[in-house]
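In what follows, a single structure is set out as structure tokens and then discussed.
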Amino acid sequence: MTNEDSIADFKRNLRGRLIEPGDKDYDEARKVYNGMIHKKPRLVARCADVADVIRSVNFGRQNDLLVAIRGGGHNAGGLGICDDGLVIDLTSIKYTRVDPAARIVTVGGGCVWGDVDHATHGFGLATPSGFISTTGVGGLTLGGGIGHLTRKCGLTIDNLLSADVVLANGKFVKTNADENSDLFWALRGGGGNFGVVTSFTFKLHAVDVLYGGPMLYELSEATDVMKWYRELIPGAPDDLNGFFAFLTVPPAPPFPEDLHMKKMCGVVWAYAGPQEKAEQTFKPIRAFKKPALDFVGPIPHPASQSMFDALYPPGLQWYWRADFFNALSDEAIAKHVPFGEALPSMHSTMHLYPINGAASRVGKTDTAWNYRAAKWAEVIVGVDPDPANNEKIISWTKNYYDALHPYSAGGAYINFLMGDEGDERVKKSYGDNYDRLVAIKKKYDPDNFFRVNQNIKPKEL
Ligand SMILES: Cc1cc2nc3c(=O)[nH]c(=O)nc-3n(C[C@H](O)[C@H](O)[C@H](O)COP(=O)(O)OP(=O)(O)OC[C@H]3O[C@@H](n4cnc5c(N)ncnc54)[C@H](O)[C@@H]3O)c2cc1C
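Take 393 as the starting number for the sequence shown in the numbering used here and just add one per residue.
Now the structure itself:
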């Protein structure tokens, strides 16, 4: 039990708030995005600035507390929170500063992607992130960052220029290609293992209005659509991104009523090339087969990034499984289709994200992100608002994963791991870069102070 006097002293010296059980906002402060996670920390330090982060790290270490770092709170397994220990909550460290001439943006460690997209869009610029604007910059970036611009601009980490970090010993360091370059390498794919990142600086691209949106087909056409999609994407221009999905059409506008609650398959497109070439680029796509729904058209980048936000508000029940694939064989497609037909709830889905184009031209050892040679990152998510349906969504997700895993490249994107698959699975997901990550972990966090993450163990414990 932590000494009450030292907690009082800690509280007095924070510029932000120290939230404890019994405080009126405690229950709000311990909520994370996944409604399946209910953890009860002893303390939540809502840091106002870097000095608060340094103080929190020192307090956690001196009092031997389990410490979690909270960015956007989106992590599937709830890695932004912990039971009993101290949560270093970055949500108030929210600022964005765009330098349009240098084409960079610097953002606070507590930003979510919607903050960044809003700030950069004002200048007709963007950096690649994910597919939902409420996801945290911190967790998504440190795990890699797969999104609509992956094929054009690479992963989010391929656009990270520098990061400020508070280490386990409380020291503040800058990292980039020249300063603490080993740490900078590890941050780009090694997750929250190495310290608290208080600021990120990203490269920006001239991405303003996209041409994109969902194009949906009847489920009876899923085999043909998957085979066509598999051939199309690897040879497509980098400007074109599209992820394959099995989904249920939401029962609300703007979707036509005859499709409401219908299980379908499709591709969510994002073309980031010149608008005048967009229609031409989509000609062969539209010629493949007439889609049952075609919502593809000009869309501002932030709108494309937040297209799914309303469908997936915080607090739903989520259960995840994932894998990387080097190929999508006919045999694997035949296994996919029955699970698409058996989606267990309106929100449940399976996505295949392309990992090619610009992302595949970065070397496997240039960053800590191992699976550069994979063609697809698969994520299977059982999602529902009602906890009473958890058994149903969990068993569908697990069975789907079990059926497809034999065709996989071995590991998963660490940001898509639920956290209940064991250490070997985590190790496989860091892949061939694991040993180098262990060496860097030993240097910067030898006691594994930061361990509420997809953990890289400095020693066999
Ligand atoms: C609905 C949804 C959609 C998603 N879509 C995508 C997507 O399109 N592309 C994609 O790549 N991923 C996606 N993800 C996965 C997402 O990248 C991970 O869940 C990620 O962990 C979320 O980061 P966060 O900061 O919100 O999470 P948190 O739960 O706050 O943190 C997750 C982990 O990151 C660490 N961390 C967070 N911030 C920092 C920091 N500043 N310094 C050090 N460590 C930190 C935490 O310690 C923890 O281990 C999605 C997740 C959800 C729930």
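C-beta atoms are modelled at their ideal positions from N, C-alpha and C, and glycine is treated no differently.
Query: Which residues does DSSP list as the beta-bridge partners of Gln709?; Result: Asp776
Query: Just to confirm my understanding: we take Ala578, look at its own chain, exclude 5 residues before and 5 after, and list those with CB closer than 7 Å. What are they?; Result: Phe586, Ala760, Leu829 and Ile832
Query: Thinking C-alpha only, which one of Phe636, Leu458 and Ala555 is nearest Glu571?; Result: Ala555
Query: By the three-class DSSP mapping on this structure, what secondary structure does Asp401 have?; Result: helix
Query: Any chance the CB of Gly562 is under 7 Å from a heavy atom of ligand 1?; Result: no
Query: Would you tell me roughly how many angstroms separate the C-alpha atoms of His921 and Val508, rounded to the nearest one?; Result: In this structure the chain extends from 393 to 853, so residue 921 is not present and cannot be described.
Query: Just to confirm my understanding: we take Leu708, look at its own chain, exclude 5 residues before and 5 after, and list those with CB closer than 8 Å. What are they?; Result: Asn426, Gly427, His739, Val775, Asp776 and Pro777
Query: Consult DSSP for Cys657 and reduce its assignment to one of helix, strand or coil.; Result: strand
Query: Please indicate yes or no: does the CB of Val589 lie closer than 7 Å to some heavy atom of ligand 1?; Result: yes
Query: Which residues in the same chain have their Cβ closer than 6 Å to the Cβ of Val436, if we skip the five residues on either side of it in sequence?; Result: Ile411, Ala421, Val479 and Asp481
Query: Based on the DSSP secondary-structure assignment, which residues constitute the bridge partners of Thr567?; Result: Ala555
Query: Please check if any C-beta of chain B sits within less than 8 Å of the C-beta of Val771.; Result: Protein chains in the displayed structure number just one, and chain B is not present.
Query: Please determine whether the Cβ atom of Val565 lies at a distance below 7 Å from any heavy atom of ligand 1.; Result: no
Query: If I'm right that Val529 touches Val499 with Cβ under 8 Å, what's the distance once you round it to whole angstroms?; Result: 6 Å
Query: Quick check: is any heavy atom of ligand 1 less than 7 Å from the C-beta of Val844?; Result: yes
Query: In whole angstroms, give me the CA-to-CA distance for Val889 and Pro850.; Result: Nothing about residue 889 can be read from this structure; the chain reaches only from 393 to 853.
Query: Sort out for me which residues DSSP pairs Gly528 with in a bridge.; Result: Val504
Query: So Val599 and Pro692 are in contact, right, with Cβ under 8 Å, and what is the actual spacing, rounded?; Result: Between Pro692 and Val599 the Cβ distance is about 10 Å, and since that is not below 8 Å, they are no contact.
Query: Under 8 Å by Cβ, that's how I've got Lys655 and Leu735 pegged, so tell me the actual separation to the nearest angstrom.; Result: 5 Å
Query: Using 10 angstroms around the beta-carbon of Asn551, count the other beta-carbons present and answer buried if the total reaches 16, otherwise exposed.; Result: buried
Query: Closer than 7 Å by C-beta to Trp710: which residues in its own chain qualify, once you throw out the five before and the five after it? Chain order, please.; Result: Asn426, Met428, Ala468, Val773 and Val775
Query: Can you check the stretch 579-630 for any alpha helix (DSSP H) of at least 4 residues that lies completely inside it and give the ranges in chain order?; Result: 614-627
Query: Which complete alpha helix (DSSP H) runs does the stretch 757-819 hold, if anything under 4 residues is left out?; Result: 782-796
Query: Would you call the CB atoms of Gln667 and Ser521 closer than 8 Å?; Result: no
Query: Please determine whether the Cβ atom of Ala468 lies at a distance below 7 Å from any heavy atom of ligand 1.; Result: yes
Query: Is the beta carbon of Val588 less than 8 Å from the beta carbon of Ile399?; Result: no
Query: Going by DSSP, what residue range makes up the beta strand (DSSP E) through Tyr745?; Result: Thr741 to Pro746
Query: What do you reckon, is the C-beta of Asn807 under 7 Å from a heavy atom of ligand 1?; Result: yes
Query: Apply the 10 Å Cβ neighbour rule to Ser721 and answer buried if 16 or more other Cβ atoms are within range, or exposed otherwise.; Result: exposed
Query: If you reduce the DSSP assignment to three classes, tell me which class Arg407 lands in.; Result: coil
Query: From Leu744 to Gly658, what distance separates their C-alpha atoms?; Result: 11 Å
Query: Is it the case that the CB of Tyr792 approaches a heavy atom of ligand 2 more closely than 7 Å?; Result: As far as ligands go, the structure on display features ligand 1 and does not contain ligand 2.
Query: I think His466 touches Thr527, with their Cβ atoms under 8 Å apart; what is that distance to the nearest whole Å?; Result: 5 Å
Query: Can you tell me whether Ile725 is helix, strand or coil according to DSSP?; Result: helix
Query: Beta-carbon within less than 8 Å of Lys675's beta-carbon, same chain only, minus the 5 sequence neighbours each way: which residues are those?; Result: none
Query: For Met393, which residues in the same chain have their Cβ closer than 6 Å to its Cβ, ignoring the five residues on either side in sequence?; Result: Bear in mind that a pLDDT of 48 at Met393, under 50, signals an unreliable position, so the number given afterwards is only what the model happens to contain. There are no such residues.
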